[in-house]
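There are 2 protein chains.
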Amino acid sequence: MNKMKPVLAIDLGGTNIKSAVLLPDGRIIYFKNYPTPADKGPREVVKKILFAIRDTLGKTDLEVFRLSGIAIAAAGILDAKNGVVTSSPSLTGWHNVPLRDMIVGELGVDICLINDASAAALGEYRFGAGRGTGNLVYLTVSTGIGGGIIIDGNLYNGTDGCAGEIGHMIIEAEGPQCNCGNFGCLEILASGTAMANEAKRRISRNETSCISEFAGGNSDNITAEIVALAAKQGDSLACEVINRAAYYLGVGLANVVNIFNPEVIIIGGGVSKMGDMLLRPARKVVKQRAFRLPVRTARIVRSRLGDKAGIIGAAIYLVGR
Amino acid sequence: MNKMKPVLAIDLGGTNIKSAVLLPDGRIIYFKNYPTPADKGPREVVKKILFAIRDTLGKTDLEVFRLSGIAIAAAGILDAKNGVVTSSPSLTGWHNVPLRDMIVGELGVDICLINDASAAALGEYRFGAGRGTGNLVYLTVSTGIGGGIIIDGNLYNGTDGCAGEIGHMIIEAEGPQCNCGNFGCLEILASGTAMANEAKRRISRNETSCISEFAGGNSDNITAEIVALAAKQGDSLACEVINRAAYYLGVGLANVVNIFNPEVIIIGGGVSKMGDMLLRPARKVVKQRAFRLPVRTARIVRSRLGDKAGIIGAAIYLVGR
Chain A
47 MNKMKPVLAI DLGGTNIKSA VLLPDGRIIY FKNYPTPADK GPREVVKKIL
97 FAIRDTLGKT DLEVFRLSGI AIAAAGILDA KNGVVTSSPS LTGWHNVPLR
147 DMIVGELGVD ICLINDASAA ALGEYRFGAG RGTGNLVYLT VSTGIGGGII
197 IDGNLYNGTD GCAGEIGHMI IEAEGPQCNC GNFGCLEILA SGTAMANEAK
247 RRISRNETSC ISEFAGGNSD NITAEIVALA AKQGDSLACE VINRAAYYLG
297 VGLANVVNIF NPEVIIIGGG VSKMGDMLLR PARKVVKQRA FRLPVRTARI
347 VRSRLGDKAG IIGAAIYLVG R
Chain B
47 MNKMKPVLAI DLGGTNIKSA VLLPDGRIIY FKNYPTPADK GPREVVKKIL
97 FAIRDTLGKT DLEVFRLSGI AIAAAGILDA KNGVVTSSPS LTGWHNVPLR
147 DMIVGELGVD ICLINDASAA ALGEYRFGAG RGTGNLVYLT VSTGIGGGII
197 IDGNLYNGTD GCAGEIGHMI IEAEGPQCNC GNFGCLEILA SGTAMANEAK
247 RRISRNETSC ISEFAGGNSD NITAEIVALA AKQGDSLACE VINRAAYYLG
297 VGLANVVNIF NPEVIIIGGG VSKMGDMLLR PARKVVKQRA FRLPVRTARI
347 VRSRLGDKAG IIGAAIYLVG R
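First to last, the sequence lines map onto chains A and B. Residues 47 to 367 in the numbering used here are what the first sequence lists, from first letter to last. Residues 47 to 367 in the numbering used here are what the second sequence lists, from first letter to last.
Spelled out as structure tokens, the structure:
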């Protein structure tokens with residue numbers, strides 16, 4: 047494999063398929079978003095990925111054989127060895143989908159598959175908020191919570207390639223049921239979805255909040271973004287909802303600190319845009335609940351690469367294999 | 047350092063100081079237990095360690111300069127870089143004790159310090175239940191719960207040398223307070239102490255159980271061992287106490303499976319002697335609560351080296367540095 051060739055990277059999420067062409071130094075020379083037809087099932091989504099790849103090649107005047115390969119970062123529990131998405135909370139109907147072979151069969155090019163949060167961890171480690179460190183944990187907080195682990199400068203994938211599911215760490219043994227089927231996961235207590243659900247629950251009990259107004263009177267429209275907007279205006283219900291999620295996030299981060307003793311924990315994903323409104327109370331919980339020595343060491347910072355972290359990390363992963 | 051020289055290894059626990067001489071291939075050629083004067087504070091304990099070392103050298107007719115070095119495995123949060131025990135739940139009054147320098151100052155020999163559960167993980171990986179694997183997590187379940195992590199064949203120590211505190215992973219955010227100050231840790235819910243406390247609590251409410259009889263009518267005498275003995279005789283309260291601890295252990299192990307996707311999880315420590323009485327219900331919880339792919343991979347087995355795992359691992363750590 048010629049390591050100087052460009053990489054085509056895809057980041058497959060529940061909302062968007064991001065497609066990009068990158069140079070081996072991490073520079074993105076082309077980037078485009080395509081909506082994911084998530085509700086139409088795996089076959090249609092794979093068709094859309096193939097469309098995105100061909101469209102990207104066309105727009106950049108590249109041919110497949112001039113690429114190092116194609117890297118796909120995907121949300122879900124991946125059997126990375128076999129290129130299979132075994133399940134995915136954000137993609138309806140994805141059970142044991144042989145994504146790699148489905149793409150290879152159409153394009154005849156080397157494909158590598160990596161979990162999206164693991165890819166983002168690698169991206170942040172090499173070119174983002176984790177540069178110069180050795181041990182880091184990356185958490186993406188958005189509709190769900192994903193995780194990626196860098197140990198002594200290497201991505202830790204685990205035995206099957208599905209390590210790092212920090213969002214599905216149980217922090218409340220008898221807690222509410224998560225999308226994954228388990229109970230009391232970090233994700234169901236601290237994600238954007240958790241915030242939206244908690245706001246909906248409280249508003250349905252007729253508590254007053256300007257969230258209802260921002261959502262146009264329809265509670266189905268309530269999102270973490272709207273909650274954040276209301277909190278910025280001083281809405282007390284919104285602030286409480288965010289503090290509750292921040293508390294649970296802090297509990298999860300305290301566990302990460304005690305288990306990994308990392309140099310840095312990087313928080314990405316849409317919800318991380320709340321910044322200190324979320325991270326300040328979370329850091330306080332970490333300080334109260336983890337051991338002093340590793341707390342002193344672990345910086346908890348926001349992602350630097352934002353929504354490009356997965357794309358960049360997937361490309362690094364492919365080139366570094 | 048001559049790697050063919052023997053190693054003197056010490057395992058410092060709250061009850062015993064184990065002292066041994068080992069060959070580089072892991073064979074123990076001398077082993078002795080000394081009671082830890084834990085309640086007398088660090089100075090007396092260090093004196094006892096020095097006594098154990100000198101006694102061991104005397105009994106084996108060795109002199110310090112004929113050793114590769116002295117390896118000390120210790121319970122607690124270690125600042126391994128600086129050779130300091132920053133805190134230890136099983137050793138009263140140990141706060142920032144510069145253990146390494148205190149011993150070096152007396153003996154003038156190279157000392158390395160390692161967490162006891164990390165040492166045991168290394169021992170099991172090289173010569174015990176983890177032979178032939180790459181990624182494993184070791185848990186010692188006794189009065190407390192400690193952890194050690196092997197990643198791609200190497201001990202993962204974290205940035206300061208205090209990674210692996212899996213016993214202080216919060217699994218019940220609002221749970222009871224742990225010895226470490228935190229709330230709802232795995233240790234306070236699933237350790238031997240947790241079992242003894244739960245049995246005491248229920249018996250103090252006048253529930254009937256043969257545990258009282260085994261404890262000679264004095265509830266202060268109740269230990270996890272006595273609970274296990276009663277459970278073996280079919281005592282229903284004892285069985286419930288063990289199942290409750292096994293449930294929480296299973297929750298903790300489910301988290302380990304989702305985060306690490308390990309090949310094997312090895313359970314050591316005194317409480318692990320309960321065997322399937324504890325591990326069968328714990329495995330069931332793991333199967334229910336972790337993702338299918340990593341559950342299928344992760345074997346959950348008992349330690350093979352038993353109470354020698356720490357000694358053996360400490361020696362391996364010293365020689366391999």
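Beta carbons are placed, not taken as given, at the ideal position from N, Cα and C, and that holds for glycine.
- Residue-level contact by beta carbon fails for methionine 50 of chain A and chain B, as no gap is shorter than 9 angstroms.
- Note on geometry: alpha-carbon atoms of glycine 298 of chain B and leucine 235 of chain B lie some 10 angstroms from one another.
- At a beta-carbon threshold of 9 angstroms, none of the residues of chain B lie near threonine 138 of chain A; the nearest stands roughly 18 angstroms away.
- Interface residue (Cβ-Cβ distance to chain B less than 9 angstroms): isoleucine 123 of chain A is classified as such.
- Unbroken alpha helix (DSSP H) runs of no fewer than 4 residues, entirely contained in the region 91-176 of chain B, are found at 145-153, 162-173, following chain order.
- Neighbours of methionine 241 of chain B in chain A, taken as residues whose beta carbon is under 7 angstroms from its own, are absent, since the nearest beta carbon is some 16 angstroms off.
- In the structure shown, the three-state DSSP call for glutamine 223 of chain A is strand.
- Pairing isoleucine 288 of chain B with methionine 241 of chain B gives a Cβ-Cβ distance under 9 angstroms.
- For serine 133 of chain B, the closest Cβ of chain A is nearer than 9 angstroms.
- Sorting B:Asn203, B:Gly193, B:Arg247, B:Lys64 by C-alpha distance to the C-alpha of serine 349 of chain B places B:Gly193 at the top.
- In the DSSP assignment, leucine 182 of chain A is bridged to A:Ile196, A:Val310.
- In this structure the region 151-159 of chain A lies against the region 114-121 of chain A, because at least three pairs of beta carbons, one per stretch, are closer than 8 angstroms.
- Note on geometry: alpha-carbon atoms of isoleucine 362 of chain A and proline 70 of chain A lie some 7 angstroms from one another.
- Residues of the region 299-311 of chain A with a Cβ closer than 8 angstroms to any Cβ of chain B, in chain order: Ala300, Asn301, Asn304, Ile305, Phe306, Asn307, Pro308, Glu309.
- Chain A has a Cβ within less than 9 angstroms of the Cβ of threonine 343 of chain B.
- Just so you know, the alpha carbons of methionine 148 of chain A and serine 65 of chain A end up roughly 17 angstroms apart.
- Boundaries cannot be given for alanine 336 of chain A, as no alpha helix (DSSP H) includes it and DSSP labels it neither H nor E.
- In this model, valine 187 of chain B and alanine 360 of chain B are separated by some 19 angstroms (Cα to Cα).
- In the structure shown, proline 81 of chain A falls within a strand segment according to DSSP collapsed to helix, strand and coil.
- Following the DSSP letters along the chain, one finds alanine 261 of chain B in no beta strand (DSSP E), marked with neither H nor E.
- Under the three-state reduction of DSSP, leucine 68 of chain B is assigned to strand.
- Pairing cysteine 208 of chain A with proline 340 of chain B gives a Cβ-Cβ distance under 9 angstroms.
- Residue state for leucine 351 of chain A is assigned as coil, using DSSP reduced to three classes.
- One alpha carbon belongs to glycine 263 of chain B, the other to threonine 61 of chain B, and they sit about 24 angstroms apart.
- Its Cα nearest to that of glutamate 244 of chain B, the residue B:Ile268 stands out among B:Asn225, B:Ile268, B:Ile74.
- Look at the beta carbons and you see the region 178-186 of chain A not touching the region 127-137 of chain A: under three pairs across the two are nearer than 8 angstroms.
- When the beta-carbon positions are compared, threonine 205 of chain A and asparagine 307 of chain B come within less than 9 angstroms of each other.
- Here glutamate 218 of chain A has Gly230 as same chain residues with Cβ atoms under 6 angstroms from its own Cβ, once five neighbours each way along the sequence are excluded.
- Using a CB distance cut-off of 9 angstroms, isoleucine 212 of chain B counts as an interface residue toward chain A.
- Close to chain B, meaning a Cβ-Cβ distance shorter than 7 angstroms, are the following residues of the region 196-208 of chain A: Ile197, Tyr202, Gly204, Thr205, Asp206, Cys208.
- For proline 340 of chain B, the nearest beta carbon of chain A is closer than 9 angstroms to its own beta carbon.
- When secondary structure is reduced to three states using DSSP, asparagine 62 of chain A falls in the strand class.
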